[in-house]
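One structure is given below, encoded as C-alpha cells.
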Amino acid sequence: MSNLDKQIRNNWTVEQTEALFALPFNDLLFQAQQVHRAHFDPNRIQISVLLSIKTGACPEDCKYCSQSGHYNTNLKKEKLMQVQKVVEKAKQAKASGATRFCMAAAWKHPPKKDFPLVLEMVRQIKALGLETCVTLGTLNEEQSLALKEAGLDFYNHNLDTSPEFYNSIITTRTYAERLQTLSHVRDAGINVCAGGILGLGESRRDRVGLLTQLANLPEHPESVPINMLVRIAGTPLENAEDLDLFEFIRCVAVARIMMPKSYVRLAAGRTQMNDQAQALIFMAGANSLFYGDTLLTTSNPDEHHDIQLFKRLGIYPEMMETSKSDIQTEAELQEKIQQQHQHLFTDAAATCSTENMVAEQEA
Ligand code: SF4
C-alpha cells in the first residue's frame with residue numbers, strides 16, 4: 007500500500023474531525039491543499055450539469071426543499087420529462103463542456119411506470135459519451151442493479167446532515183433508509199455521490215457528524231457535494247440564519263482531508279458567494295461543480311461568469327478519459343473557453359463604462 011493510500015481512512019472519530027475544524031484557518035487550508043495536490047491536479051475541475059426531470063409534488067418533507075408537497079412554494083409541478091427532451095438537454099450540456107449529466111426526480115422512490123423511462127434516458131445519454139448520474143430517492147437492490155445494467159455511473163443520495171440533527175429536517179425518510187440505499191448502490195457497482203447541506207440551522211457538531219458519517223462509509227463516496235442552503239419562501243427554513251462562509255470553507259477543507267480521493271463538489275448556494283469566496287473554496291479542495299444558470303429549481307451562476315472565473319483562476323475543466331477523441335474534445339473546449347473569454351473581454355472593452363468596471367471589480 008502506498009503512502010497516499012494510507013491516507014484513506016474509514017475510522018474517523020468525532021473528536022478527530024472536530025480537531026480539524028478547530029485548526030487555524032490558514033493551517034487547515036494548507037493541509038487541505040497538500041492532500042488535494044497529492045491526489046488531484048489542483049487546477050482541474052469536474053463539471054456536471056443537473057436537470058430536474060420530474061419537478062415538485064414530492065411526498066417527502068425535507069424542510070429546505072421547494073419541491074416538497076408539504077409546503078406552498080408556488081413551484082410549477084411537472085410530470086416526468088420525455089426521454090427525447092432530456093437527451094436534447096444532455097447534448098447541450100456536452101457541448102457546453104460538461105462531462106457528467108445529472109438527472110433529478112422529486113420522488114420518494116422511482117414509480118414502476120416511470121422507472122423504465124429513466125433507464126432509457128441513462129442508456130441514451132451514456133451513448134452520447136457522457137457520464138450519467140441520477141437521484142430518484144430510495145432504491146432497492148433490484149432497481150440499483152437495473153440502473154447499473156443501463157450504464158449508470160453515479161447515484162446521488164445525500165445524507166443531508168448529522169444523524170442527530172436529521173429528524174429536525176426530515177421526518178418522512180429515515181437516516182437508516184438513506185444508508186441502506188447507498189449500500190444497494192455501492193453493491194450494484196455504481197459510484198456513490200453523497201454529501202450534505204450546510205446552513206440548515208445545524209451546529210458545528212452536526213457538520214462534524216455529517217463528515218464523520220460520510221468518511222466512515224465502507225468506501226468513501228466518489229463524489230461529495232457540499233451545498234449551502236438556498237432559502238426558499240414557503241419552506242420552514244425560509245428565514246434560516248446565514249452560515250458564516252468561512253465555516254462553509256472549513257467544511258470543504260475538512261471533507262478534502264478526510265476523503266482525499268473523492269471529488270468534493272461545490273454544489274447549491276454559489277449565487278450567495280462572490281468570486282473570491284469560490285476561489286477560497288477551490289483552494290480548500292473543492293474540484294467539482296454544477297454548471298448552468300439553473301440548479302433544479304434555484305438559480306446558479308451564469309455560465310459566462312463561470313468561464314470568466316475559471317480563466318481568472320487558471321482553472322481548466324476536466325475531461326473524462328484521455329482517449330484521442332477526448333483529448334481533441336478537450337482542446338476544442340479550451341479553445342472555446344479562450345474564445346469566450348476574448349469575446350467577453352472585447353465586448354467589455356467596447357461597451358464598458360467606468361461604472362461597470364467598478365462593479366466587476368467588486369463582484
Ligand atoms: S426528497 Fe428531494 S425532492 Fe423530495 S422533498 Fe426531499 S429534497 Fe425535495
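Residue numbers for the sequence shown, in this note's numbering: 7 to 369.
Where a beta carbon is used, it is the ideal one built from N, C-alpha and C, also for glycine.
- Secondary structure at Q40: helix, using DSSP grouped into helix, strand and coil.
- Here the C-alpha atom of I131 lies approximately 10 Å from the C-alpha atom of Q90.
- Between the region 157–172 and the region 182–202, the count of Cβ pairs shorter than 8 Å is three or higher; the stretches touch.
- Remark: the shortest separation between the CB of E253 and any heavy atom of the ligand SF4 does not fall under 7 Å.
- Exclusion of the five residues before and after T178 leaves E66, D67 as the residues of its chain whose Cβ lies within less than 6 Å of its Cβ.
- Contact between the region 234–242 and the region 72–90 is established, with three or more Cβ pairs separated by less than 8 Å.
- The ligand SF4 approaches E66 closely enough that one of its heavy atoms is under 7 Å from the residue's Cβ.
- In this chain, the alpha helix (DSSP H) harbouring V93 covers 89–101.
- Relative to the ligand SF4, the nearest heavy atom lies less than 7 Å away from the CB of S74.
- Within the same chain, A38, V41, H42, V270, A290, G291 come within 7 Å of R262 by CB-CB distance, once the 5 residues on both sides are set aside.
- Excluding its 5 nearest sequence neighbours in each direction, T79 has C-beta neighbours in its own chain below 7 Å: S72, I238, A239, G240, T241, listed in chain order.
- Look at E225 here: in three-state DSSP terms it is coil, with no helix or strand label.
- For the region 245–319, the full-length beta strand (DSSP E) segments reaching 3 residues or more read 269–272, 294–296 along the chain.
- Bounds of the beta strand (DSSP E) holding Y161 are 160–162.
- Across the set F171, V124, G207, the C-alpha of V124 shows the shortest separation from the C-alpha of K154.
- When the beta-carbon positions are compared, F27 and V260 come within less than 8 Å of each other.
- F46 sits in coil when the DSSP states are folded into three classes, being neither helix nor strand.
- Burial check for E208: the Cβ neighbour count within 10 Å reaches 16 or more, so the residue is buried.
- Annotated as proximal: L235 and L204, with beta-carbon spacing under 8 Å.
- A buried status is given to G103, since no fewer than 16 other beta-carbon atoms sit within 10 Å of its beta-carbon.
- Within 7 Å of the C-beta of C71 there is at least one heavy atom belonging to the ligand SF4.
- Under the criterion of beta carbons closer than 8 Å, V20 and T187 do not qualify as touching, at roughly 24 Å.
- In this structure, the straight-line span from the alpha carbon of E94 to that of K100 is close to 10 Å.
- With a cut-off of 7 Å, the C-beta of A273 is classified as distant from the ligand SF4, since no heavy atom of the ligand falls inside that distance.
- Only exposed fits Q282, as fewer than 16 other CB atoms lie within 10 angstroms of its CB.
- With fewer than 16 other CB atoms across the displayed protein chains lying within 10 angstroms of its CB, A133 is exposed.
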